[in-house]
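Below is one structure, written out as structure tokens; comments come after it.
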Amino acid sequence: MAKKRIDKRGTREPLIRIKFLVEGATEKFYFKELLKDEGYSLHLDIDNINGGGYFAFTRELNKNKSLYDIVIIIADLDRASAHTGEKEKLFDLITLLEKLNIKNNIFLTYKNIETWQIATLPYKVNDLASELGYSGKSKGKEDIYQRLVAKGAIYTIAKKKFKENNLYYLKKGLNKGIFKEENIMKVQSNLTYLLEYLKDVLNIEFNIK
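All the letters of the sequence shown, read from the start, carry residue numbers 70 to 278 under our numbering.
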């Protein structure tokens with residue numbers, strides 16, 4: 070149950086506690102800056118599970134489910150096909166998300182977050198780290214969002230590069246998601262509707278830039 074707060078008019082409004090859980094530091098830095106840049110108006114509560122896999126998300130949910138009203142998970146999909154038993158763990162995680170609150174959702178990209186980040190650029194890139202000027206890998210870099218933007222990266226560019234019929238998991242409303250097992254290894258991302266889900270389904274206000 071969401072707590073309530075008193076606004077300037079003296080009326081009580083629900084204080085929604087939304088938790089973003091992501092795989093690692095790269096995702097945390099990237100999505101924190103993306104949401105701020107897009108005008109996300111609520112307190113931004115985002116943590117990473119240090120690359121612990123799908124079961125680490127499940128463990129976090131079971132441990133702290135009373136602390137959150139809504140949970141949004143952002144994860145890589147390649148783990149589900151690359152590691153034995155991970156597809157089953159992903160299915161269990163999604164089942165738990167839907168059971169705890171139908172407003173919860175998970176956003177998956179195949180192969181991984183770098184696939185999405187490259188797609189936000191207006192030109193083809195083979196080596197993201199090199200393109201952004203990093204001497205090593207791009208993982209864990211605090212300024213990755215800013216460097217992408219400096220290269221012309223835009224959320225809406227990526228939206229046009231992924232096909233909805235390639236998705237392994239589709240959930241755009243307040244209903245249970247649709248699974249397509251045959252798509253688990255196709256290039257895909259349902260991050261294409263992340264902002265719309267937050268705005269139109271969860272009714273979160275975004276400040277106009």
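In this text, a Cβ means the ideal position worked out from N, Cα and C, and glycines have one as well. Bear in mind that the values here come from a model prediction, so they are computed numbers and not experimental data.
On the criterion of 16 or more Cβ atoms from any shown chain inside 10 Å, does GLU96 qualify as buried, or is it exposed? buried
Boundaries of the beta strand (DSSP E) in which TYR179 is found, first to last residue: 174–179
Assigned exposure category for LYS240 - 16 Cβ within 10 Å defines buried: So LYS240 counts as buried.
Taking only three categories from DSSP, how would you classify ARG74? Because ARG74 sits at a pLDDT of 43, beneath the cut-off of 50, its placement in the model cannot be relied upon, and the following sentence gives the value as read from the coordinates. Strand, per DSSP.
Can you list, in chain order, the residues of its chain with a C-beta nearer than 6 Å to that of ALA222? Leave out the 5 residues immediately preceding and following it. THR189, LEU190
Straight-line Cα distance separating ILE273 from LYS168: 22 Å
Tell me where the beta strand (DSSP E) around LEU90 begins and ends. 87–91
Quick one: complete beta strand (DSSP E) runs, 3+ long, within the region 145–210? 174–179
Per DSSP, what kind of secondary structure is PHE248 in: helix, strand or coil? strand
Classify VAL218 as helix, strand or coil using the three-state DSSP reduction. helix
Output needed for THR127: all residues of its chain with C-beta closer than 8 Å, excluding positions within five of it in sequence on either side, in chain order. Within the same chain, THR127 has close Cβ partners LYS158, ASP161, LEU162, LEU165.
State the Cα-Cα distance for the pair THR261 and ASN170, rounded to the nearest angstrom. 22 Å
Rounded straight-line distance, which links the Cα of ILE187 to that of LEU289: The question about residue 289 has no answer here: the residues shown for the chain are numbered 70 through 278.
With a threshold of 6 Å on Cβ separation, who are the neighbours of PHE254 within its own chain once the five nearest residues in sequence on each side are excluded? Looking at the sequence itself, residue 254 is Met, so the reference to Phe does not match. Same-chain partners within the cutoff: SER150.
Please determine, among ASN276, ASN252, ILE85, PHE248, the residue with the shortest C-alpha to C-alpha distance to ILE136. Looking at the sequence itself, residue 136 is Leu, so the reference to Ile does not match. When only C-alpha atoms are compared, the closest one is ILE85.
contact_flag[the region 93–112, the region 199–216] where n(CB pairs < 8 Å) is 3 or more: yes
Leaving out the 5 sequence neighbours to the left and right, which residues in its chain are closer than 7 Å to GLU92 when beta-carbon positions are compared? ASN117, ILE118, GLY120, ALA144, ASP145
Helix, strand or coil, according to DSSP, for MET234 in the structure here? Before going further, note that residue 234 is Asn rather than Met in the sequence given. The answer is helix: DSSP assigns ASN234 an H, G or I state.
Contact set for TYR203: own chain, Cβ-Cβ below 7 Å, skip 5 residues either direction: LYS210
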